[in-house]
Amino acid sequence: MLLKKNVPLTYIFGKIAKDLIWVTLYAVGIVVLYENFHFTRISIPIAVPALLGTVISLLLAFRSNQAYDRWWEARILWGAIVNDSRSLTRQILYFIDDPYYSAEIQLFKERFVKRQIAWAYGLSQSLRNTSPMLGLDKFMKPDELEFISRYKNVPMSILELHARDIKMAVKEGWINTYQQVQIDTTLSNLCDRMGGSERIKNTVFPVTYSKYINMTIYLFIIMLPFGLIEFFGYIEVPVVIAIAAAFLLIEKMAIHLQDPFENKPTDTPTTTISKTIERDLSQMLNDAHYHEDKMAAEPVHNSKTYYIL
């Protein structure tokens, strides 16, 4: 998707190019009939299309607000995913007591953190109807990849692997039950964010709702030249095109915003957010390893003081 960049005008007007061609031909046909063939009785009071335009404006405003609410909710969910991923990594790195800096525990932490990065990418890709397994081999072991490949919902299977590792950590005595509850709460939050994203993805606007608004817009465009022809003459053509383009673009904007996981320029930037999660979690993991390696390399000084009598 395009993030923090200007969307090209070719992309914007390309969405309504065919509609504008038909509107142009229609407006030109009306003005030719009026000016050249003197079909003067085709003129209607401007109040008629103006009243219809007001109704359409209210409908489009309502739809745009509803579409933006869906987009904004998706962005809030993914903002919470970033925070929960950082919290989960912090808990895994510092809840586990490892006074002897054993290789087994270090590998456990690294595997867990990298798996959380894979979860973010897997959820992003599944929401966009692409392969959720794509690129996960960089973060997960072959046995883990084989396990999640058996699931239709890959992000859910990764959370299950998280839960199994937490159960093992409690059994090994690496964390206590209170810490387990804290980590499980974070995992539950991640599951809630995933469910919220899937709800937005799978809940579509009713088709009849979109069709009715679209039909009303075209009815307005059909009536508009008849209301403007008496006042503008040939200038009616660009005026009709401009007004029609404004209404059609607002409708297209609402359609794009209502589906924030369709891999479009107006999408929630899940790939960019996943890269942010990868960057932050990798830095946390590297810093933790550096600190632990430094502590393991330092000699242990006895703090006791001995007196010679």
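Residues 1 to 309 (UniProt numbering) make up the sequence shown, in order. Note that CB positions come from ideal geometry on N, CA and C, so glycine has one too. Keep in mind it's a predicted model, so treat the numbers as computed, not measured.
Given residue i as reference, the closest of the options once Cα atoms are compared
i           : options                        : result
residue 311 : TYR11, TRP22, LEU9             : This structure does not reach residue 311, given that the chain is present from 1 up to 309, and the question cannot be answered.
ALA163      : GLY227, ARG128, ARG115         : ARG115
ILE213      : ARG63, LEU9, ILE12             : ARG63
GLU104      : ALA17, ASP165, LEU58           : ASP165
LYS15       : ASP267, ILE277, ALA245, LYS275 : ALA245
ILE56       : PHE220, MET133, VAL31          : PHE220
ILE81       : PRO260, GLY196, ASP267, PHE226 : GLY196
SER274      : PRO225, LEU136, PHE147, LEU145 : LEU136
SER85       : ASP280, SER210, GLU160         : ASP280
SER43       : PRO155, PHE139, PHE232, PRO238 : PHE232
ARG27       : ILE241, GLU278, ILE277         : In the sequence under discussion, the amino acid at residue 27 is Ala, which differs from the Arg named in the question. Minimum Cα distance to ALA27 is reached at ILE241.
PHE261      : SER124, ILE12, GLN179          : SER124
GLU35       : ILE235, ASP98, ILE46, ALA74    : ILE235
LEU190      : ILE30, LYS18, LEU59, LEU77     : LEU77
PRO49       : THR266, ASP267, THR216, PRO238 : THR216
GLN182      : PHE37, ILE96, VAL237           : ILE96
VAL237      : ILE12, ALA17, TYR11, THR24     : THR24
TYR11       : THR272, TYR101, LEU60, THR266  : THR266
SER282      : GLY122, ALA118, PRO45, GLY53   : ALA118
PRO45       : THR54, ILE255, GLU230          : GLU230
MET140      : PHE112, THR271, PRO132, TYR151 : PHE112
VAL207      : ILE255, VAL32, GLY29           : ILE255
Where residue i falls, given that 16 or more other Cβ within 10 Å makes a residue buried
i      : result
SER303 : Unreliable placement is indicated for SER303, whose pLDDT of 43 sits below 50; the coordinate value is still reported in the next sentence. Its Cβ having fewer than 16 others within 10 Å, SER303 is exposed.
LEU9   : exposed
GLN258 : buried
ALA120 : buried
ILE277 : buried
LYS167 : exposed
SER149 : exposed
ALA74  : buried
ARG193 : buried
ASP19  : buried
ALA47  : exposed
SER126 : buried
LEU51  : exposed
LYS109 : buried
GLU144 : buried
LEU161 : buried
PHE247 : buried
Contact with chain B by residue i, beta-carbon distance below 9 Å
i      : result
ASN153 : The chain labelled as chain B is not found in the depicted structure, where only one protein chain is given.
Residue i CB to nearest heavy atom of the ligand NAD below 8 Å
i      : result
VAL240 : The ligand NAD is absent from the structure shown, which contains no ligand whatsoever.
*Below 8 Å, can you find three or more Cβ-Cβ pairs linking the stretch 67-80 to the stretch 190-200?*
yes
*In chain order, which alpha helix (DSSP H) runs of at least 4 residues are fully inside the stretch 218-304?*
236-257, 270-297
_Cβ contact check for the stretch 243-261 and the stretch 87-100: 3 or more pairs under 8 Å_ = The stretch 243-261 is not in contact with the stretch 87-100.
*Enumerated in chain order, which unbroken segments of the alpha helix (DSSP H) with a length of 4 residues or greater are wholly contained in the stretch 144-187?*
Counting whole runs of 4 or more residues, the stretch 144-187 contains the alpha helix (DSSP H) stretches 154-172.
_Which complete alpha helix (DSSP H) runs does the stretch 109-150 hold, if anything under 4 residues is left out?_
For the stretch 109-150, whole alpha helix (DSSP H) runs of length 4 or above, ordered along the chain, are 142-148.
*Three CB pairs or more closer than 8 Å across the stretch 141-160 and the stretch 220-229*: no
_Within the stretch 42-100, ranges of the alpha helix (DSSP H) (whole runs, at least 4 residues)_ = 47-95
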